[in-house]
Every structure is written in structure tokens, then in C-alpha cells.
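By UniProt numbering, the letter at position 60 of the sequence shown is numbered 60, and the numbering carries on one by one without gaps. Here's the structure we're looking at; comments come further down.
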Amino acid sequence: MVCANATGNHRLPLLVIGKSKKPRAFKNLNMNALPVNYYAQKSAWMDQTIFFDWFHKVFVPQVKVHLAEQQLPQKALLLMDNAPTHPSGELKSDDGNITYLFLPTNTTPLIQPMDQGIIENMKRRYRKYFIESLLSSDDAIDIKEFWKKYTIKDAIFNVASAWADLSVSNLKNGWNKLWPEMIPCESEETEPVSVEEIVQLCNNGLHSEILSTKEVTDWLENDKQDGGSEILNDEQIILNVTAVEEEEIDEDVEDSGLDLKPLTSHSEAEAMLSKCIDWFEVQEESNATQVLLLRQIRNITAKKKRIKKPN
Numbered sequence: 001m002v003c004a005n006a007t008g009n010h011r012l013p014l015l016v017i018g019k020s021k022k023p024r025a026f027k028n029l030n031m032n033a034l035p036v037n038y039y040a041q042k043s044a045w046m047d048q049t050i051f052f053d054w055f056h057k058v059f060v061p062q063v064k065v066h067l068a069e070q071q072l073p074q075k076a077l078l079l080m081d082n083a084p085t086h087p088s089g090e091l092k093s094d095d096g097n098i099t100y101l102f103l104p105t106n107t108t109p110l111i112q113p114m115d116q117g118i119i120e121n122m123k124r125r126y127r128k129y130f131i132e133s134l135l136s137s138d139d140a141i142d143i144k145e146f147w148k149k150y151t152i153k154d155a156i157f158n159v160a161s162a163w164a165d166l167s168v169s170n171l172k173n174g175w176n177k178l179w180p181e182m183i184p185c186e187s188e189e190t191e192p193v194s195v196e197e198i199v200q201l202c203n204n205g206l207h208s209e210i211l212s213t214k215e216v217t218d219w220l221e222n223d224k225q226d227g228g229s230e231i232l233n234d235e236q237i238i239l240n241v242t243a244v245e246e247e248e249i250d251e252d253v254e255d256s257g258l259d260l261k262p263l264t265s266h267s268e269a270e271a272m273l274s275k276c277i278d279w280f281e282v283q284e285e286s287n288a289t290q291v292l293l294l295r296q297i298r299n300i301t302a303k304k305k306r307i308k309k310p311n
């Protein structure tokens, strides 16, 4: 699920729903390192329980921080389409200053800001990153083998990158139909990923039959009608909660073909990061901020190695 404000200067981390509370690909992973808010549900669908939790634990706190940083009044309105999985009762912050409003029924394709090219643009970028991951892998020739090793963690980082790559202008322009009086955004708009770009990427890199524009278009749009939600009765809610709790004991069905890699030692990590820094510093795309960040990460590994802290 995507969420951003009307000025485009505050996008919340994506809400991602998987079937397992702790997928195998998350083993030993610091969950705070995930660039999304991850939830588990037996069918990987949005439901009212998840939405309620997200609203109070993610949306309200992060919006309050943003408003404080911008020196704005602590008031906000969450606009939602009238999906059955969105809470039907009252939904507001404890102080009552942050609440919600449903858009009129059947208006989502017409005025819902995120449906004005934002979600589509993000999905196309994700699929582009997916193809690039395939082409850069050792299993690029064997697509089935790559797919077996492609984990939910890989997908999360790729879709988070796609979301982060959307410009402020992209996000702001999504509100034009709903709020045309908003001041136009002056930031440069990111070029959307075109069908032709993905066709060229596939046909130049994949050792398979040539893909047509129609085939790629069908692939890009195959989930266009997927609402991402389902209505659950009380029995189904209980079953979902039970299933998620059971998976804490019996590891997940996602990433079932994944061979877990051994943990990298602190010494190995420091050496690899040093090589990475040496390589990146001479690339024309590098800048001081990125190099400093890499050096800070390397310093963490060096410190851990010095104090001989176990991995």
C-alpha cells in the first residue's frame, strides 16, 4: 500500500503484506533494516486488522513527526477509497486531530491521487529492477533457477527502491484532479518507465525468444484489477491469526526453495566494503555523501571486529 501527502514531500514507507510473519529470507535480519512496514496475513491480503494497526502505529506517529518538522499544526486527514477492508467504524488518533475521509464510491480511478499514474509508475519501475536483477545474476540464463532464488526480501528492496525513485513532482501531480488549486510543483519530474524501455531491456539481455510489445504490456498490466484486499468474517480472522502464530514455530512456505547463506564475518564484511569503496570512489556516478555513508558502514564492521563481538 502506498501513501503520500499532497505536496509530495512526505511519502510513508510502503506497507507490504506477506504470508509469513518471519519468512526464511528474513532469518538473522534486523527487521528495522527493512525499508517497508511488513505485515503477515495468511492470504497476503489487506484486512481491517492490518489497516487499523498501520493507522495507529505507523501513519499517525510518522505524520505527527513530519508536521512538527515542517512547523505545521498537528492536524491531518487521510483520504481513502471506499474499500471494504478499510475500517467501517471511527478511525482517528487519540487526540482526535488525525482522522480519515472516504472518497465517494466508484471515484477511485477518477480522483484517487495514487491511482493517477503513481502506482502504475512504481510497478513499472519495480519490474524494471526485477529484470535488471535477473540480468545481473549468475542464473541470468536460467530464468526458472533465478525465480527460485528470488526472495521476498529481494522483492521488498526492489519495490522500495521503485517507490523512493518517484519524484516529488510525480507524487504532487497525482493530486491535480482532486485538488487542482494546489501550487504547481517546480521539481523535475522523473520520466516514467516506458513499455519500449522494458521490451528493449528484455530482448537485449535475456537469452530467449524475442518478446513483443504486447507480451510485455500484458505482463505489466496482469495485476491491474487486483485490489489487494479481501473481506474476512470472524472465523477467517481467527484462522489467519492462528496461521501466522503457527508459522513462528513452523517456518514459512515462502522462499521454500531458498538455500540460506552462511553469515558473513565482521572481517569479511570489512574487506568487502573496503573494496567496494575503492571501486565506487573512482566511478563518475559517485558523490561525497554516498562515499561517506559507505565509509560509515565500514567503520561499523571494523568496530565490531575490534571488540570481537559475535555475529
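We put the CB at the ideal spot given by N, CA and C, even for glycine.
Look up residue 182 in the DSSP assignment and say whether it is helix, strand or coil.
-> coil
Determine, using beta carbons only, whether residue 177 and residue 7 come nearer to each other than 9 Å.
-> no
Between residue 9 and residue 74, what straight-line distance do the alpha-carbon atoms span, to the nearest angstrom?
-> 16 Å
Could you give the residue range of the alpha helix (DSSP H) that holds residue 118?
-> 118-136
Burial state of residue 2, where buried means 16 or more other Cβ atoms lie within 10 Å | buried
Are the beta-carbon atoms belonging to residue 133 and residue 158 less than 9 Å from one another?
-> yes
Do you know how far the Cα of residue 54 is from the Cα of residue 46?
-> 11 Å
Grab the span of the beta strand (DSSP E) containing residue 16 for me, first residue to last.
-> 15-18
Tell me the DSSP bridge mates of residue 99?
-> 77
Per DSSP, what kind of secondary structure is residue 241 in: helix, strand or coil?
-> Because the pLDDT at residue 241 is just 47, under 50, the model does not fix this residue reliably, and the value given afterwards should be weighed accordingly. Note: residue 241 maps to helix in three-state DSSP.
In angstroms, rounded to a whole number, what distance separates the CA positions of residue 100 and residue 156?
-> 27 Å
Within its chain, find whatever has a CB closer than 6 Å to the CB of residue 163; leave out the 5 residues flanking it on each side and keep chain order.
-> 14, 122
Count the C-beta pairs between the segment 296-303 and the segment 272-288 that are closer than 8 Å, then say yes if the count reaches three, no if not.
-> yes
What do you get for residue 50, buried or exposed, if any count of 16 or more other CB atoms within 10 angstroms of its CB means buried?
-> buried
With residue 37 as the anchor, note down where its beta strand (DSSP E) starts and where it stops.
-> 37-40
Find the nearest neighbour of residue 94 within the set 115, 66, 56, judged by alpha-carbon distance.
-> 56
Is it right to say residue 124 is buried, meaning 16 or more other beta carbons lie within 10 angstroms of its own, or is it exposed?
-> buried
Leaving out the 5 sequence neighbours to the left and right, which residues in its chain are closer than 8 Å to residue 201 when beta-carbon positions are compared?
-> 128, 131, 132, 135
For the alpha helix (DSSP H) holding residue 143, just list the boundary residues, first then last.
-> 143-149
Below 8 Å on the Cβ atoms is my guess for residue 153 versus residue 25; work out the distance and round it to an integer in Å.
-> 4 Å
Do you know offhand how far residue 62's Cα is from residue 68's?
-> 10 Å
Could you check if residue 307 is buried or exposed, using at least 16 other CB atoms within 10 Å of its CB as the buried criterion?
-> exposed
Between residue 198 and the rest of its own chain, which residues show a CB-CB distance below 8 Å, the 5 nearest in sequence each way excluded?
-> 124, 127, 128, 131, 216, 220
If you draw a straight line from the alpha carbon of residue 78 to that of residue 160, how long is it in whole angstroms?
-> 21 Å
Report the rounded CA-to-CA distance for residue 11 versus residue 112, giving the unit in angstroms.
-> 16 Å
Give the DSSP-derived three-state secondary structure of residue 1 in the structure shown.
-> coil
For the alpha helix (DSSP H) containing residue 53, list its first residue and its last residue.
-> 48-54
Spatially closest choice to residue 195 from 175, 182, 218, 288, by CA coordinates | 218
Buried/exposed call for residue 193, threshold 16 Cβ in 10 Å | buried
Span of the alpha helix (DSSP H), counted from its first residue to its last, around residue 157 = 152-165
Just reading off the alpha helix (DSSP H) that residue 44 is part of, what are its end residues?
-> Note, residue 44: premise wrong, no alpha helix (DSSP H); not H, not E.
Out of 262, 191, 5, point me to the one whose CA is closest to residue 66's CA.
-> 5
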